[in-house]
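Accompanying notes for the structure given below.
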Amino acid sequence: MFEQYKQLLQEFIRFKSISTDANFQSEIKKAVDWLKNLFQVNGFQVQVFEGYDNPIVLASYQVDPNLKTALIYGHYDVQPAEKADGWNSEPFELTERENRLFARGAIDNKGQVMVHLVNAFEQIKNKTLGYNLKFLIEGNEETGSGKIEKFIQDNQELLKANFVLLSDGEISGGQPNLEVGFRGGFNLTLTVKTGKVDLHSGIFGSAAPNALHELFRILNQIFDWQENKIVIPEFYDSVEPVDEEIKKNNRQIPFKQSEYEKMTGCKALLLEQGNDFYTQTGLRPAIEITGLVGGYAGEGYKNAIPYQAQAKINFRLTAEQKPEKVFELFKNWLAKIMPEYLDFELEQSSPYEGVKLEINNQYVEKAKQVLEQVWQDQVIFKYVGGGLPIVTYFNQILQIPQLLVPLASEDCAMHGANENFDLGYWQKAMAFSEQFLKSNQ
Numbered sequence: 006m007f008e009q010y011k012q013l014l015q016e017f018i019r020f021k022s023i024s025t026d027a028n029f030q031s032e033i034k035k036a037v038d039w040l041k042n043l044f045q046v047n048g049f050q051v052q053v054f055e056g057y058d059n060p061i062v063l064a065s066y067q068v069d070p071n072l073k074t075a076l077i078y079g080h081y082d083v084q085p086a087e088k089a090d091g092w093n094s095e096p097f098e099l100t101e102r103e104n105r106l107f108a109r110g111a112i113d114n115k116g117q118v119m120v121h122l123v124n125a126f127e128q129i130k131n132k133t134l135g136y137n138l139k140f141l142i143e144g145n146e147e148t149g150s151g152k153i154e155k156f157i158q159d160n161q162e163l164l165k166a167n168f169v170l171l172s173d174g175e176i177s178g179g180q181p182n183l184e185v186g187f188r189g190g191f192n193l194t195l196t197v198k199t200g201k202v203d204l205h206s207g208i209f210g211s212a213a214p215n216a217l218h219e220l221f222r223i224l225n226q227i228f229d230w231q232e233n234k235i236v237i238p239e240f241y242d243s244v245e246p247v248d249e250e251i252k253k254n255n256r257q258i259p260f261k262q263s264e265y266e267k268m269t270g271c272k273a274l275l276l277e278q279g280n281d282f283y284t285q286t287g288l289r290p291a292i293e294i295t296g297l298v299g300g301y302a303g304e305g306y307k308n309a310i311p312y313q314a315q316a317k318i319n320f321r322l323t324a325e326q327k328p329e330k331v332f333e334l335f336k337n338w339l340a341k342i343m344p345e346y347l348d349f350e351l352e353q354s355s356p357y358e359g360v361k362l363e364i365n366n367q368y369v370e371k372a373k374q375v376l377e378q379v380w381q382d383q384v385i386f387k388y389v390g391g392g393l394p395i396v397t398y399f400n401q402i403l404q405i406p407q408l409l410v411p412l413a414s415e416d417c418a419m420h421g422a423n424e425n426f427d428l429g430y431w432q433k434a435m436a437f438s439e440q441f442l443k444s445n446q
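Counted the way our numbering counts, the sequence shown spans residues 6 to 446.
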């Protein structure tokens, strides 16, 4: 089945379906048309929905009305990529080398959803499919799926299913993973102003307020650097303590400091006392300063005091924290500590809630059994530090079990140059999908 998979993935990869750049709308349309045709020639009923940003493809196949229905999610949009970014081959041409498949979208998400597509097509042909299927493939995941919540709300009957199957992540620790939680969050931009123009640093230096200095002073007050905690009052009030059994589970996920340093280039882990890496990133909130803008950074020196500075700030929140409440908390705290001589503005973007999934159901149990059989290793239940809003929307609106089964290796370079699908992992992915989807013999 490898050649069939590789051929289809190559065709899919060639569409530069980049959702972050409006210049690629024609490629988006080509990808949608290709998906529609692929589903139709394999016997699916296909609907393409407009009006929710980029088109959404919903393809359905019924084996038997008495069977359970699986809703399989994926996305056809990808991050930008150019060979000049550090790729060793053309990013939109699937290249096999070093026992891996390299391309933009090789695992995020074209390569992973293609695993389930190819298995579904094969089992339809062989009449071994054990579920009715609905594939939901969207085109705005990389831009935050801004309208997918409304789409799900508007189409609950069409999306009706017994469970969701989603593969869009990385496997931690070299053991099979089932993802059981994601953090929520939002972005915001903080702008501070000291006046109306930049000032000569000789004439006004040490007397006039400097917007960058003021911004640094404000940002510094967010953190207790010794304890690696956030000190904004009430920030942790709704955060549930991490259960000791969950901590025990997280410590069983293989983690090597040397591998972390090799992969990231970082020489330290900055954790709250008593936490391991996966507990800290999966189950504790974070505030990260992700960008600073202000003053002059060109060639040479301007020697001017900036009157305006800006910080980009990313919030990662636990499932118990509500983004709007945390935003209001932060805004009120800022107003209290802000010097009277400063003006400030806050702009929030893309809030979404975190989620903890219910895992005591037949679908999780079946996935666990199949994964352990394929991998010959114990399944890790993993809380993920990143966010996947679609999971929260499925949980809140459809209210059905979800199976989050990542298929890619940790060194897959998701969003980076030389994104790749390790073929050893691919073989296990195909075996899992085949065994999970087929009818009980």
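Where is the CB? At the ideal position from N, CA and C, for every residue including glycine.
- prompt: Can you give the Cα-Cα distance for ALA372 and ASN215, rounded to whole angstroms?
  reply: 57 Å
message: Does the contact criterion of 3 or more C-beta pairs under 8 Å hold for the region 327-346 versus the region 231-246?
response: yes
query: Looking at LEU193 and SER354, is the spacing between their C-beta atoms short of 8 Å?
result: yes
- request: From the DSSP output, read off the bridge partner residues of ARG102.
  value: ARG105
task: Would you check if the distance between the CB atom of VAL169 and the CB atom of TYR78 is smaller than 8 Å?
output: Against a cut-off of 8 Å, the Cβ pair of TYR78 and VAL169 comes out as a contact.
query: At a cut of 8 Å, does the region 264-281 reach the region 217-224 through at least three beta carbon pairs?
result: no
query: Three or more beta-carbon pairs under 8 Å between the region 52-71 and the region 86-105, yes or no?
result: no
- request: Compare the Cα-Cα distances from PRO246 to each of GLU377, GLU55, ASP229 and PRO290 and report the closest residue.
  value: It is PRO290.
query: Near LYS433, what residues of its chain come up, given a Cβ to Cβ distance below 7 Å and the 5 sequence neighbours on each side ignored?
result: VAL379 and TRP380
message: Here's the rule: buried if 16 or more other CB atoms are within 10 angstroms of the residue's CB, otherwise exposed. What is GLY270?
response: exposed
field: From LYS267, GLN407, GLY110 and LEU106, residue whose alpha carbon lies closest to that of PRO85
entry: GLY110
message: Taking the beta strand (DSSP E) that ILE77 belongs to, which residues open and close that run?
response: 74-80
- prompt: When burial is assigned at 16 or more other CB atoms within 10 Å of the CB, is ILE342 buried or exposed?
  reply: With fewer than 16 other Cβ atoms within 10 Å, it is exposed.
Straight-line gap, VAL369 to THR286 (C-alpha atoms, nearest Å): Going from the Cα of VAL369 to the Cα of THR286 covers about 23 Å.
task: Give me the Cα-Cα distance between GLN257 and TYR10, rounded to the nearest whole angstrom.
output: Taking the Cα positions, GLN257 is about 34 Å away from TYR10.
Residues of its chain near GLN446, where Cβ-Cβ distance is below 7 Å and the 5 sequence neighbours each way are ignored: For GLN446, the pLDDT reaches just 46, beneath the cut-off of 50, and the residue's location in the model is therefore unreliable, leaving the point undetermined.
query: Taking C-alpha atoms, which residue in GLU377, ILE364 and SER24 lies nearest to GLN180?
result: Looking only at GLU377, ILE364 and SER24, the smallest Cα-Cα distance to GLN180 is reached by GLU377.
query: What did DSSP end up calling ILE423 once you bin it into helix, strand or coil?
result: What sits at residue 423 in the sequence shown is Asn, not Ile. ASN423 falls in the coil class under three-state DSSP.
message: Let's test the definition: count the other Cβ atoms within 10 Å of the Cβ of ARG102 and tell me whether it reaches 16, buried, or not, exposed.
response: exposed
- prompt: Any idea what DSSP makes of PRO356, helix, strand or coil?
  reply: strand
query: In angstroms, rounded to a whole number, what distance separates the CA positions of GLU415 and GLY174?
result: 9 Å
query: If we ignore side chains and look at the alpha-carbon of each, how far apart do GLU439 and GLU184 end up?
result: 20 Å
query: Does the beta-carbon of GLN30 have 16 or more other beta-carbons within 10 angstroms, so that it is buried, or is it exposed?
result: exposed
query: Looking at the structure shown, is GLY299 part of a helix, part of a strand, or coil, going by DSSP?
result: strand
- request: Determine the contact status of ALA450 and ILE405, defining contact as a CB-CB distance below 8 Å.
  value: Within the shown structure, residues of the chain are numbered from 6 to 446, placing residue 450 beyond reach of any answer.
- request: For LYS387, write down the residues that DSSP places opposite it in a beta bridge.
  value: GLU184
message: Which residue marks the beginning of the beta strand (DSSP E) containing GLY190, and which one marks its end?
response: 189-198
task: Taking all protein chains shown into account, decide if ASP113 is buried (16 or more other Cβ within 10 angstroms of its Cβ) or exposed.
output: buried
- request: Report the three-state DSSP secondary structure of ILE157 (helix, strand or coil).
  value: Three-state DSSP puts ILE157 in a helix.
field: Alpha-carbon spacing of LYS155 relative to ASP203, whole angstroms
entry: One alpha carbon belongs to LYS155, the other to ASP203, and they sit about 45 Å apart.
query: ARG256 by DSSP, collapsed to three states: which one?
result: helix
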